[in-house]
Every structure is written in structure tokens, then in C-alpha cells.
Amino acid sequence: MVISMEVVLRNLTKRFPSRDRKNHEDVIAVNDFNFEIPDGKLIGLLGPSGCGKSTTLNLISGLQKPTSGRIFFGEDDVTELPPENRGIGLVFQNYALYPHLTVKQNILFPLENLKGKDKLTKAEMLDKAMEAAKLVQIDELMDRKPKELSGGQQQRVAIARALVKMPKVLLLDEPLSNLDARLRLQTREEIRRIQRETKITTIFVTHDQEEAMSISDMIVVMKEGIVQQIGKPQEVYDSPANLFVAKFLGTPPVNVFEGQVKGGRLLIGEEDVMEAGEVPDQEVYVGIRPEGFRLQEDGEFSCKLNRVEVMGRDISMVSENKASLNSTIRAIIGTENEINMDQYKENTSVRFHLLPHKVFLFHKETEERIYFGER
Ligand code: ADP
Ligand code: MG
Numbered sequence: 582m583v584i585s586m587e588v589v590l591r592n593l594t595k596r597f598p599s600r601d602r603k604n605h606e607d608v609i610a611v612n613d614f615n616f617e618i619p620d621g622k623l624i625g626l627l628g629p630s631g632c633g634k635s636t637t638l639n640l641i642s643g644l645q646k647p648t649s650g651r652i653f654f655g656e657d658d659v660t661e662l663p664p665e666n667r668g669i670g671l672v673f674q675n676y677a678l679y680p681h682l683t684v685k686q687n688i689l690f691p692l693e694n695l696k697g698k699d700k701l702t703k704a705e706m707l708d709k710a711m712e713a714a715k716l717v718q719i720d721e722l723m724d725r726k727p728k729e730l731s732g733g734q735q736q737r738v739a740i741a742r743a744l745v746k747m748p749k750v751l752l753l754d755e756p757l758s759n760l761d762a763r764l765r766l767q768t769r770e771e772i773r774r775i776q777r778e779t780k781i782t783t784i785f786v787t788h789d790q791e792e793a794m795s796i797s798d799m800i801v802v803m804k805e806g807i808v809q810q811i812g813k814p815q816e817v818y819d820s821p822a823n824l825f826v827a828k829f830l831g832t833p834p835v836n837v838f839e840g841q842v843k844g845g846r847l848l849i850g851e852e853d854v855m856e857a858g859e860v861p862d863q864e865v866y867v868g869i870r871p872e873g874f875r876l877q878e879d880g881e882f883s884c885k886l887n888r889v890e891v892m893g894r895d896i897s898m899v900s901e902n903k904a905s906l907n908s909t910i911r912a913i914i915g916t917e918n919e920i921n922m923d924q925y926k927e928n929t930s931v932r933f934h935l936l937p938h939k940v941f942l943f944h945k946e947t948e949e950r951i952y953f954g955e956r
């Protein structure tokens, strides 16, 4: 049985002294992080390299001490506890297995160090090691050495080793980055399954938005140490809080344009594309998801077509527009409607209707979302 835990981060901050001789300002790797990570959920901590993901995880694990702020596991303030007393399991990108030990010995290792009332008999330890190995499906490989395993198998051993003490919280730092594309896909589904089966509160760090979106109950998007948005993956995708989040989530990425609001209408370039509700007159950034375009002869938005890419399920129309901040605009048109693509020639004008719920406005200076229309 697993006793999983809610994890509460309160005003969590970590500063590192500057190592740069020209710039003496401290690096604030984690800046006032507040979040109640719900019990038994899988949370994806997502952001570009250097945004403070690993530091956040290291603070939760106790490998690093916060500059300020508190960490709670359930009711317990664990801020001052050393890592070994927090009841956590850790998995890193480089599997960090002991090369001279077998798989079985690697998995047993955390159990052999238990002291006092937690001490187990040899038979109990072997039972637990076998249980963890079965969970990650490496129970056939117990007598091999790490170098006799593939990368994916090594990472499973590392996960089994993190699970063998049945941690209250499982912390994974870019655990799939060293795996090739196919294994990455397979292993991430495995991690999801294991998390569902064990219900251990899990924090999964990645810079890969697709990875985070696909397996997380909730995602936390970070930038430069600051949390940008927290929510269910689909909610964050459908309603990004700012331009950074809009651009970070989604492949192909959101298309960004210079626009303006004038008399309650949204203009992109010269074209009046839609109603902008109560938004006051101002210049804005306009983000349009690739699936927000509908081919329509009398559509309100026109672009110069570069090429049409037919990719099985979808058709991508790649085009240009003077107001676009991306070099090209990518519109995804589903193949469910029969469209005769022969009529769309390169370097001709193509017109789109824009779906309002796929169009986001952002403040020109702050890049914060400006909400308009229905919410
Ligand atoms: P991520 O895991 O998201 O790539 P990190 O948490 O590793 O980011 O780093 C966040 C920021 O803190 C970066 O600017 C990094 O250079 C800095 N940093 C991390 N660890 C240290 C350290 N031990 N000393 C100084 N700066 C650090
Ligand atoms: Mg990192």
C-alpha cells in the first residue's frame, strides 16, 4: 500500500551568487514558487533549458536548500529535512546506476541502507526488489550488469530503484532525454502506467512540451525561475496566460502577428478580421493556432500561399503575411472536408476565416493575455 502525499511549495525561492565577473546580480533560479501539488497526481514541470526546473526538483528532494520559502509533504514541513528522510524517489537523465552491481543489487541498494525499525530481512528485501522490477518489466534481467542493458532498460532499473522503498513522492528529472525517439514514447507511457498503478505523487521535469502534455494531469510552465501558468494540459493549450506560454505549447507553433484593436474590431495588417468586444484601442500581438484557420473564399484574412503540404490526416497550408512575426504561417486544414487542392496555386492569394476561440490577443508591452469575446 502506498501513502502518497500532497506537496506544498510556499514562496519557494533559490538564489545563486553570480559567477559572471561583468554581471554581479544573483541568478534567481526559482522565484517565489507557490503551488499545492495534489496527492496522487502526475505533474509535468515544463520550460526551456535554464528556467529552474532542476533546481525546483532539487529543492523538493532536499539536495539543495532554498534561500527562502517552505516545502510541506502533507502536514509536515520538510524544508530542513535531509533527502534521505523525506521519503522520495529520484530518477535523473543519466541513469546513475552502479556499474559493478547487477540489476538486482542496484535495486536492492536503497533497502540495504535502511536502519533501525525500518530494517528488512533479506527475504523481505528480495520480495520488494522483485515487485519493483515487475512493475517496470525488467524482472527477467535481474542478473545482468548495467552495461549489458539498453538505455531504455537502464532507465527502467533506475525507476525500479527509485520505487523500491515505495516513496511518498517520485521526482523525475528529464528521465527520457537519453533515449531514442521510439523508446522515449514507449517509456513515457510506461511511466504513466506505473504512476497510475502506484498512485505516487509524481513530478516529471521536461523541456519537451509534447512529452509533458501527453502524460501529465497538470502542467506547470516556467520561464526564468517564474511560474507562468498552471493547469490541465488542454486548458493551458486552449487558454494560454501570456505570449510565452502560447508559443511554448503546440506543434506546429502558434502563428503570431502584429495587430491592433480599433473601435472594437481586430485588425491584422489592413484587414479587419473579427470583433474584439470591449478591448480598448491599442496595438496587440495576435496569436492564431494552426487549427484556427478555415479555408473560405470570402474569408476575412488573406495570405500569400507558399506551398501546400499533404501529410496523410492533415493538410498544411504554408503561407506569408506582412504582419506575421513568424517567417511563414502554418495553417492546418483537416482532410474531413473535401477540398480540391489543385485550385490552390503557389504565390496566389488564399483567404481564411479565423475561428475566434483559436485567436488570442496579447498586450504589446507585457505580453500578457487580453481576453475578449466569450470566455
Ligand atoms: P533547468 O533544469 O530548467 O534547465 P536549472 O534549474 O538547472 O534549469 O538552472 C536554473 C538557473 O540557475 C540557470 O540559470 C542556471 O545557470 C542556474 N544554476 C543552477 N544551478 C546553479 C549553481 N549550482 N550555481 C549557480 N547557478 C546555478
Ligand atoms: Mg535541468
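In short: position in the sequence shown from 1, add 581, done, that's the working numbering. Positions of the beta carbon are idealized from the N, C-alpha and C atoms, including for glycine.
Check                                                                                                        : Outcome
Collapsed DSSP secondary structure at leucine 638 in the structure displayed                                 : helix
For serine 649, the nearest candidate out of Glu661, Leu689, Thr594 (CA to CA)                               : Thr594
Proximity to glutamate 864 [Cα-Cα], best of Asn887, Ala904, Lys885, Asn604                                   : Ala904
Candidates Arg763, Ser642, His605, Pro937, of which the one nearest isoleucine 869 by Cα                     : Pro937
Same chain only: Cβ atoms within 6 Å of methionine 582, ignoring 5 sequence neighbours per side              : With a pLDDT of 48 at methionine 582, under the threshold of 50, the modelled position of that residue is not reliable, and the figure given next carries that caveat. Nothing listed; no residue qualifies.
Rounded straight-line distance, which links the Cα of alanine 743 to that of aspartate 798                   : 21 Å
With 16 other Cβ atoms within 10 Å as the buried cut-off, status of aspartate 754                            : buried
Per-residue burial, leucine 627 [other beta carbons within 10 Å of its own, 16 or more giving buried]        : buried
Proximity test, arginine 600 beta-carbon vs the ligand ADP heavy atom, cut-off 8 Å                           : yes
Contacting residues, own chain, Cβ-Cβ under 7 Å from phenylalanine 597 (five flanking each side not counted) : Asp607, Val608, Ala610
Coarse secondary structure for valine 983, derived from DSSP in three states                                 : This structure cannot settle anything about residue 983, because the visible part of the chain is limited to 582 through 956.
Closest residue to tyrosine 952 among Ala857, Pro871, Glu851 (Cα-Cα distance)                                : Ala857
N-terminal and C-terminal residue of the alpha helix (DSSP H) that valine 962 is part of                     : The requested residue 962 does not occur in the structure, where the chain is confined to residues 582 to 956.
Three-state secondary structure assigned by DSSP to valine 835                                               : coil
Identified DSSP bridge partners for cysteine 884                                                             : Val931
Check: threonine 648 C-beta below 8 Å from any heavy atom of the ligand ADP                                  : no
Chain-ordered residues, beta carbon under 5 Å from a heavy atom of the ligand ADP                            : Phe597, Val608, Ala610, Ser630, Gly631, Cys632, Gly633, Lys634, Ser635, Thr636
Beta-carbon separation (whole angstroms), leucine 906 vs glutamate 839, contact threshold 8 Å                : 7 Å
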